[in-house]
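Participant:
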Amino acid sequence: MTKSRLLRLFIAVFAVLVQSVAFAQNKSFTGKVTDEKGAPIPGATIAVKGTKSGTATDPEGNYKLASIPANATLVISFVGYKTQEVSTAGKTSANITLQPESSTLSDVVVVGYGTTRKKDLTGAVASIKAAEFNRGITTAPDQLIQGKVSGLMILNNSGAPGAATTVRIRGLSSVRSGNQPLYVIDGVPLDGRVARPGVNAAGLGQTPDANPMNFINSLDIASMDVLKDASATAIYGSRGSNGVIMINTKKGSAGIARVDANYSAGFSNIMKKLEVLNADEYRSALKEYNLTSGDYGSSSDGMGSILRTGVSQNFHVALSGGNETGRYRASFGYQDQQGIIRKTGLKKITATLNGQNTFLAKNQLGVDYNIMAAQTLETLAPISNDAGFTGSLIGQALQWNPTMALRKADGSFNLLGAGSSINPLAMSKAYDDNANITYILGSVSPYFKFNDNLELRAMYSLNHQVGIRKTQIASFINIAGVQDLGQAYYGNTELNTQLFNTTLTYQKQLTKAFNLKGLLGYEYQEFNYEGVNLGALGFPTYAIDYVHQLQSPAQANTFMSSFKNPTSELQSYFARAELNFYDKYLLNATVRVDGSSKFGSSNQYGTFPSFAAKWNINNEEFMKGSKLFQTLALRVGYGITGNQEFPAGASQEQYGLGAGGGSGLTNVANPNLKWESSKQFNGGIDFGILDNRITGTVDYFYKNTTNLLFSFPAIQPAPASSYWINMPGNVLNRGLEYSVRGEIIRKKDLTWALGINGTFLRNELKNYDGPPVLTGSISGQGVSGATSQRLANGYSLNTFYVRKFEGFDDKGQATYADGGNTLYYLTNPNPKTMLGINSQVMYRKFTFAFSSHGAFGYQVYNNTANTVLPIGNLGSRNIAKSLLGNGESLANPITVSSRYLENGNFLKLDNVTLSYTFGDVGRVFKNATISVTGQNLFVITKYTGFDPEVNTDKSVNGVTSFGIEYSPYPTARSVMFGLSFSL
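Using my numbering, you'd call the opening residue of the sequence shown number 684 and step up by one each time.
Pasting the structure below:
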């Protein structure tokens, strides 16, 4: 018994001694974290490297760690500042000063399959960080950088929430195939399409496309890098011809768990209303033109009846943290944006999870993963690109006779007979259109570091989208084919893209003077796209939604179709070498070999090389001690990129299946179809003066695109079908772009930064001697089959080709050059000059920022004025107010001419934000900030339409159009109030 007690006592004493020894090896540690100006930084993360221990600084910037190893290394980080490591050996406290992260030459920029320091860039690349993004209502990433990058044009095709944009980097290069840049999210190149079924209902026309980037939450993006020249984009080979936009999402950082929350809410209204006649003005016009009919004795506002104040809200929360061997970030977002048109809007739910983990003793093995999931629900109005005489909702609203009531005395809709004007308020009620798209983008990337110089990495990614669209038109509306019947459509579309790649990267400082970085890679990507469409007319009841009773109409009144594009495959081999001598002379060479199933058997592989060099003049001996230049570098690059953005199977013989088992040839095979390629030269200069308070770049570029991909009708007597060829000719884009940023005031409590970027651009089609190619269709009453643009040798793409309007004769009839028998090449819709202005002023805890952009030297065709609001409407429909007193006869026929070409020059104030940062509130809320943001506050322009920044899709047989407005969804002016904080 005594022995047992002695044994227990011995064990207890031994345990206390062991614990005491262990504790003696640990120690407490304190300190303070401040910024470069000495101000405390509350909420900074203090992590013990290699462990899960850590803390955060208090409101005064102080921190305390109760028990850490005697020789620990602390990792100190805070958003917007450079991460710093501090050893605790021989110390019990340490005060740390963090330096701010800025767009300095040491910043890391994401390029194809890797990263590089900004000062090591040899190509034309612009990098925009989250702090510089546009604020307010954004549904897709491209809106974040509008007006921020020289050479980049971002144009909203429609004012509808979630609508597609037109994005051009250094001009328009392709006649038929895609002109949009390649988007790459965290190393995954996207398909560029979206799985939203199309609808062309009852003569109302084709609704505009959705933005394929809607699934990304803007608050999950850390930075965006725009790769502009061939030396930067050639690593993407056949998909880099139109430039590349890299989207880099936010990641977790080592330290204690962190919660970031954002909430914003606001309202939107129409930015500009078109000037049409009100009821009194209409009655006066009837008298002026001696019309005895057309006054219905009431007063109404057709456009006002479909407008509303759109309320929007956006909620986002993110959780992040980790340690040196494992970091994570998860986020959830909800956005509800009401459109300014009744029954329109976008609801979006997003969720992300990403992480970076390392294993083994020296962290040689690692895996990165990223999952993005989203669901969007679009509520759409019948606003289309190509409605005919029936008109879409905007046209119906503009044309509604203001002396005619919208509702009868009993409150029911005022409906006219078939073929007459359509009541816009009734149309809005009768039309229901909902598109629901589910997105999943996932990737996993394991890697192994053989040593400090050599790394092997692989990645697999899957992009899966499913779109369901339900559309119906009630039977009470007076549209031929719908009235007394009703129509419904159901569409289901699926898009799948899979990618696998592997890269081997080597980097080593071989000598004091020479650094080598090399990359070898292989990539395989597969694209699949398919869908089903169902529809019917003639429903027995409106008590159940038509889309839920498609089986009830007679079989003869039902229709269906389905499709599956040929599987498209892309196999690639690529390599890159980067040489750096003394940090003065940099050489970069890349080559990519792409094999695509889209091309003919004789030309399935293409090679895309590039070469670039850079001279860092400021590192030369003769520049040392320079008080003027702190940065001065010359860059030059040349490369070849490709374009394969055209339909899968275009080089193959294709047959279409019809009703009853019939089939017909739809595409003639062309085994010699080859790549469209662009050769591009770029020369640039980077500079920084006055202690880098003024920095900038200037670039000259020349781009020559050949082997233009084009589809012509097959030559008779071949069956009616299409035939893809490489069209003879060259598309030339040349220009000069600049970007300058200056810190005008840089004091402790006051800073003012101003940035200006501009682009001068010329576009021309050369050496073309093929048949006439017309595009730019004009829609509406009296212009069936008319076009406004033509491709011609020696002119810019999409040059307007119309009759030349010269005025009115004494009878009020329009007169044209050569009696209207000749069409003339006139101006074009491609801006010759683009401008962006951005500024930020910070005074203590206040921040004021604005962003504006403009375009000059181009014209827009106003299809709305041409066919929706002509003088001939008077007596039945409304007209444009500007037509009164111009001497035009009511009998003047509607004609496509230069009369409707308008100066598109504009300068728009896109974004104004005022914010106030409270800092920490109590011990819970950190870095609390409130803000108010205004969007599209004003536009300086002479254009008479809704917005000179417009691009209704008026393509003909797939030939792209540009710069035409046709009764689009109007642009909104918005005000948003925001609150953000961390926990």
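Glycine is no exception: its CB is placed at the ideal position from the N, C-alpha and C atoms. These figures come from a predicted structure and were not determined experimentally.
#1: Given G875, which residues of its chain have a CB within under 8 Å of its CB, disregarding the five upstream and five downstream residues?
#2: Which of the three DSSP states is assigned to P1327 in this structure?
#3: Mind checking which residues open and close the alpha helix (DSSP H) that includes K966?
#4: In angstroms with no decimal places, state the Cα-to-Cα distance between G870 and T1624.
#5: Assign F1660 to one of three DSSP states: helix, strand, or coil.
#6: Less than 8 Å between the C-beta atoms of S668 and P824, yes or no?
#7: Alpha carbon to alpha carbon, how far is T1188 from R922?
#8: Put N1302 into one of helix, strand or coil per three-state DSSP.
#9: Just to confirm my understanding: we take F1601, look at its own chain, exclude 5 residues before and 5 after, and list those with CB closer than 6 Å. What are they?
#10: In angstroms, rounded to a whole number, what distance separates the CA positions of F1015 and L1233?
#11: From what residue to what residue does the beta strand (DSSP E) around T916 run?
#12: Kindly indicate which three-state DSSP category V1050 falls into: helix, strand or coil?
#13: I believe T780 touches T717 by the beta-carbon criterion, under 8 Å. Please report the beta-carbon distance rounded to the nearest angstrom.
#14: For A705 and I724, I'd like the C-alpha separation in whole angstroms.
#15: To the nearest angstrom, report how far apart I1647 and N1586 are at their CA atoms.
#16: Using alpha carbons as the reference points, say which of E1420, P1330, Q1337 and A1342 lies closest to G1366.
#17: With distances taken between CB atoms, is the gap from S1235 to K1281 smaller than 8 Å?
#18: Residue range of the alpha helix (DSSP H) that K1112 falls in?
#19: Within its chain, find whatever has a CB closer than 6 Å to the CB of S786; leave out the 5 residues flanking it on each side and keep chain order.
#20: Taking buried to mean at least 16 other C-beta atoms within 10 Å of its own C-beta, is A755 buried or exposed?
#21: So the beta strand (DSSP E) G1218 belongs to, where does it begin and stop?
#22: Are Y1583 and A1548 closer than 8 Å when you measure CB to CB?
#23: Below 8 Å between beta carbons: does that hold for G920 and G1325?
#24: Leaving out five residues before and five after G1278 in sequence, what residues of the same chain have Cβ atoms less than 6 Å from its Cβ?
#25: Could you tell me which uninterrupted beta strand (DSSP E) segments, each at least 3 residues in length, are contained entirely in the stretch 1438–1519, listed from first to last along the chain?
#26: Among all the DSSP beta bridges, which residues are the ones paired with G1125?
#27: Roughly how many whole angstroms lie between the Cα atoms of A1157 and A1171?
#28: Is the separation between the beta-carbon of F1488 and that of S1565 shorter than 8 Å?
#29: If distances are taken between C-alpha atoms only, which option among V1149, T1273 and N1184 comes closest to G1214?
#30: Can you have a look at H1231 and say buried or exposed, based on whether 16 or more other CB atoms are within 10 angstroms of its CB?
#31: Near N1136, what residues of its chain come up, given a Cβ to Cβ distance below 8 Å and the 5 sequence neighbours on each side ignored?
#32: Do the stretch 921–941 and the stretch 1529–1536 make contact, defined as three or more Cβ pairs closer than 8 Å?
#33: Can you give the Cα-Cα distance for S1309 and E1303, rounded to whole angstroms?
#34: Measure how close the beta-carbons of N1390 and E1426 come, nearest whole angstrom, since I'm counting them as under 8 Å.
#35: So, are the CB atoms of E768 and V758 less than 8 Å apart?
#36: Contact between the stretch 1178–1185 and the stretch 1202–1216 is defined here as three or more beta-carbon pairs at a separation below 8 Å; is this criterion met?
Facilitator: Reading off the structure:
#1: Taking C-beta separations shorter than 8 Å and ignoring five residues to either side along the sequence, the partners of G875 in its chain run G861, Q863, L865, Y866, P895 and E1328, following chain order.
#2: Correcting the residue identity first, residue 1327 is Gln in this sequence and not Pro. Three-state result, Q1327: coil.
#3: The sequence given here has Arg at residue 966, not Lys. Start and end: A962 to E971.
#4: Between the alpha carbons of G870 and T1624 lies a distance of about 40 Å.
#5: Shown here, F1660 sits in a strand according to DSSP, grouped into three states.
#6: The requested residue 668 does not occur in the structure, where the chain is confined to residues 684 to 1666.
#7: One C-alpha to the other measures close to 22 Å.
#8: Shown here, N1302 sits in a helix according to DSSP, grouped into three states.
#9: So the list reads A1611, once near-sequence residues are dropped.
#10: Rounded to the nearest angstrom, the gap between the Cα atoms of F1015 and L1233 is 37 Å.
#11: Boundaries around T916 are those of the alpha helix (DSSP H), A913 to T916, since no beta strand (DSSP E) includes it.
#12: Of the three classes helix, strand and coil, the one that applies to V1050 here is strand, per DSSP.
#13: The C-beta distance from T780 to T717 rounds to 5 Å, short enough to fall under 8 Å.
#14: Note on A705: pLDDT 39, under 50, position unreliable in the model; no value is reported.
#15: Whole-angstrom Cα-Cα distance: 12 Å.
#16: The shortest C-alpha separation from G1366 is found at E1420.
#17: Pairing S1235 with K1281 gives a Cβ-Cβ distance that is not under 8 Å.
#18: Counted as a single uninterrupted DSSP element, the alpha helix (DSSP H) harbouring K1112 occupies residues P1107 to A1113.
#19: Because S786 carries a pLDDT of 46, less than 50, the predicted location of this residue cannot be relied on, and the following value inherits that uncertainty. Around S786: no qualifying Cβ.
#20: Per the 10 Å Cβ criterion, buried.
#21: In the DSSP annotation of this structure, the continuous segment of the beta strand (DSSP E) that includes G1218 starts and ends at F1197 to L1220.
#22: Their beta carbons are under 8 Å apart, which means Y1583 touches A1548 by this criterion.
#23: Closer than 8 Å, so yes.
#24: Only Q1254, Q1287 and Y1288 meet the Cβ criterion.
#25: If you keep only unbroken beta strand (DSSP E) runs of at least 3 residues inside the stretch 1438–1519, you get 1456–1460, 1470–1474, 1482–1485, 1488–1491 and 1497–1499.
#26: G1125 is bridged to I1054 and L1145.
#27: Straight through space, the alpha carbons of A1171 and A1157 are spaced by roughly 9 Å.
#28: Inclusion of F1488 and S1565 in the CB contact set at 8 Å is not warranted, their separation being larger than that value.
#29: Check the Cα spacing between G1214 and each of V1149, T1273 and N1184: the tightest is with V1149.
#30: That one is exposed.
#31: Excluding sequence positions up to five before and after N1136, its CB lies within less than 8 Å of the CB of Y1189, Q1190 and K1191, all in the same chain and listed in chain order.
#32: Touching, no.
#33: So the two alpha carbons sit approximately 11 Å from each other.
#34: Actually they do not touch by this definition, with Cβ atoms about 46 Å apart.
#35: The Cβ-Cβ distance between E768 and V758 falls below 8 Å.
#36: Short answer: they touch.
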